[in-house]
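Below: the structure, in structure tokens.
Written out as structure tokens, the structure reads:
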């Protein structure tokens, strides 16, 4: 098919489907685990017999928490499992302790340093280069050569390995904040609307997406940490690990937090819900809101989320650190002409442009 508009129409159908899937995932999580609540947790502090869980599967984490209860094993999250700490039905387990590491690509270095047992759930698993394969377990669709897979939700082999291994000791006084949800944020809607009208909030920045290794990703940290105090940062996905170790405080003259972590990549639906509610409150279109969207993208999920935003008519999104290899110059031209898509330049230049 060489009809450009038909291709765009099909891409918009994909985007709408992505939004619906994210809604269903959010409903599945909140109906089962409760609505997330903001929480501060430890980062890179580990003690005792320990298991770290990486990936995205909260249901696997819950089953592991059940089977390790009372066994004196501490459970830690990695990367996109960080938001688990905000869900009431998960954080009720006292042995769910904290988070270690950052985005998915640090796992080879991290898992050498962390000497406990490791569980890899859906997505973002890297082939092992190191000495940890004998204490690495995969789950469901996630799999690697030469590692044991958990079958029928029986975590006994993983638990036994954790008990056999020596206690883990990693010292850190770092803290991270997570656990926001669109319902949490919208409960502050009257205060947020008032702050916008009074000029206390000048702009919202959605800085989110899938991180990739390399110095080019430092753009997102520079942008987040350079924003003036009258701005609010909304984030999801593993891209937040570029800047989530910073304490952003609250918007001056309010109790509104400046940094709002809405969860995993699939929780990007929360940013859509918040934007729609604000547009309704201000009786305007989403594109007329004081909102700028800056995404990092690396793989298909980020593209699906981008198409979802396009399907809502959202324009002028910035992406980086660079266009993926599968986007040809011609396709990029169409995206720029149709949706106002922009490639990032420098954090300083882009910030000035978005704040102007």
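Numbering (UniProt numbering), first residue to last: 1 to 356.
Ideal Cβ placement from N, Cα and C applies to all residues, glycine included.
Computed from a predicted model, the values in this text were never measured in an experiment.
- prompt: Is residue 161 helix, strand or coil by DSSP?
  reply: helix
query: Smallest Cα separation from residue 235: which of 312, 179, 28?
result: Considering only alpha carbons, the answer is 179.
field: residue 320: first and last residue of the uninterrupted beta strand (DSSP E) it sits in
entry: 318-320
task: Can you have a look at residue 77 and say buried or exposed, based on whether 16 or more other CB atoms are within 10 angstroms of its CB?
output: The residue in question, residue 77, is buried, as its Cβ has 16 or more Cβ neighbours within 10 Å.
- request: Could you please give me the residues that DSSP links to residue 296 through a beta bridge?
  value: 209, 320
query: I think residue 49 touches residue 162, with their Cβ atoms under 8 Å apart; what is that distance to the nearest whole Å?
result: 5 Å
task: For residue 320, count neighbouring Cβ atoms within 10 angstroms of its own Cβ and tell me buried if that reaches 16, exposed if not.
output: buried
- request: Taking residue 350 as part of the alpha helix (DSSP H), name the residues at either end of that continuous run.
  value: 347-355
- prompt: What residue range is occupied by the uninterrupted beta strand (DSSP E) comprising residue 119?
  reply: Start and end: 117-120.
- request: Can you tell me which of the three DSSP states residue 287 falls into?
  value: helix
message: My parser needs the beta strand (DSSP E) runs of 3 or more residues fully inside the stretch 82-135; what are they?
response: 96-100, 117-120
query: Three-state secondary structure (DSSP) at residue 173?
result: coil
- prompt: What are the residues that DSSP puts in a beta bridge with residue 138?
  reply: 120, 149
task: Within 10 angstroms of the Cβ of residue 358, are there 16 or more other Cβ atoms? Answer buried if so, exposed if not.
output: Given a span of 1 to 356 for the chain in the structure shown, any question on residue 358 remains unanswerable.
message: Would the stretch 246-253 count as touching the stretch 292-301 if we require 3 or more Cβ pairs under 8 Å?
response: no
message: If the criterion is Cβ atoms closer than 8 Å, does the pair residue 269 and residue 232 meet it?
response: no
query: Whose CA, out of 212, 243, 209, lies closest to the CA of residue 177?
result: 243
- prompt: Run through DSSP, which three-state label would residue 342 get?
  reply: Shown here, residue 342 sits in a strand according to DSSP, grouped into three states.
- request: Enumerate in chain order the residues of its own chain whose CB-to-CB distance from residue 306 is below 6 Å, with the five nearest sequence positions on each side excluded.
  value: none
message: Considering only their Cβ atoms, is the gap separating residue 139 from residue 110 smaller than 8 Å?
response: no
- prompt: Between which two residues does the alpha helix (DSSP H) harbouring residue 185 extend?
  reply: 182-186
message: If I follow the unbroken alpha helix (DSSP H) through residue 269, where does it start and stop?
response: 268-282
task: Check each candidate in 311, 40, 216 and name the one with the smallest Cα separation from residue 345.
output: 216
- request: Please state if the CB of residue 81 and the CB of residue 61 are separated by a distance shorter than 8 Å.
  value: yes
query: For the ligand MN, any of its heavy atoms closer than 7 Å to the Cβ of residue 94?
result: For the structure depicted, the ligand MN is absent and the ligand set is empty, with no information on it obtainable.
Contact belief for residue 165 with residue 115 at Cβ below 8 Å, rounded distance in angstroms: Their Cβ separation, rounded to whole angstroms, is 7 Å, which keeps residue 165 and residue 115 in contact under 8 Å.
message: Do residue 266 and residue 90 have their beta-carbon atoms positioned less than 8 Å apart in this structure?
response: no
- prompt: Could you give the C-beta distance for residue 126 and residue 148, rounded to a whole number, given that I count them as a contact under 8 Å?
  reply: Incorrect: roughly 17 Å between the Cβ atoms, too far for contact.
- request: Inspect the beta-carbon positions of residue 146 and residue 133 and report whether they are closer than 8 Å.
  value: yes
query: Would the beta-carbon of residue 169 fall within 8 Å of that of residue 46?
result: yes
- request: Return the CA-CA distance between residue 53 and residue 239, expressed in angstroms with no decimal places.
  value: Rounded to whole angstroms, the gap between the alpha carbons of residue 53 and residue 239 is 18 Å.
Closest Cα partner of residue 58 within the set 32, 257, 68: It is 32 whose Cα lies nearest to the Cα of residue 58.
query: Cβ of residue 182 within 8 Å of Cβ of residue 317?
result: no
- request: Could you work out which residue in 12, 160, 300, 278 is closest to residue 51 when comparing CA atoms only?
  value: 160
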